[in-house]
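S.K.: Residue numbers (this note's numbering): 15 to 170. For every residue, glycine included, the Cβ atom is placed at its ideal position computed from N, Cα and C.
1. Might you give, ordered along the chain, the residues of its own chain that have their beta carbon closer than 7 Å to the beta carbon of residue 30, omitting 5 neighbours on each side?
2. With C-beta atoms as the reference, is residue 146 less than 8 Å away from residue 108?
3. List the endpoints of the continuous alpha helix (DSSP H) containing residue 70.
4. Between the Cα of residue 150 and the Cα atoms of 161, 165, 156 and 136, which residue gives the shortest distance?
5. Taking the alpha-carbon positions, what's the residue 154 to residue 167 distance?
6. What does the alpha-carbon distance come out to for the pair residue 92 and residue 124?
7. In this structure, does DSSP put residue 27 in helix, strand or coil?
8. If I measure Cβ to Cβ from residue 152 and keep anything under 6 Å in the same chain, skipping five residues before and after, which residues do I get?
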C-alpha cells in the first residue's frame, strides 16, 4: 500500500459550523431541529436553544450552494408550466427527507430560468428529475474554489 498519496481536504462550507450544535437545538426561522448529529424535521417543539440553521442562513444571505440554469428555447417556452411544477415537486420530496436541502428560488430571466438551492444534493435531484422527464442535455460542474455546484440544462 502506498503511503505517499496526499489527500485533498474536503471543501469547507462556511455555512456549516465546525462545532456541533447541542442536541434539541431548533432553528428560529424554519423550525428544523438538530438531533443525533443532523438537522431534521421533528414534531417536538421543545427546543432548549434557538439559532439559525445553515439552510436558513443561506436563504437570508442569498448565498446558494447550487445553481441550475435552464437555457431558454422553444421547448422550455412550450413546457414552462410543467417544468416549474416538476422542480417544485422534486424539491418538496427532497426537503421532506433532508431539512438542509431546500429550493431557494426559481426566477425567470431573459436567457432562461435560474434555480437556486441551499445544497448540492437538491440541485442534483432536480437536474436528474428534469432529464428523466424532459430529456435534453445536462452539464454539471463543481469548482473547488467556489463551493457552488452549477448545472446547465437545455433542449432544442
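M.R.: Short version:
1. Cβ neighbours of residue 30 within its own chain (closer than 7 Å, five residues either side excluded): 68.
2. For the 8 Å CB-CB criterion, residue 146 and residue 108 do not form a contact.
3. Start and end: 68-75.
4. Selected option, being the one with the closest Cα: 165.
5. Straight through space, the alpha carbons of residue 167 and residue 154 are spaced by roughly 9 Å.
6. Using only the alpha carbons, I get a separation of about 15 Å.
7. Assigned with DSSP and collapsed to three states, residue 27 falls in coil, not helix or strand.
8. So the list reads 141, 145 and 167, once near-sequence residues are dropped.
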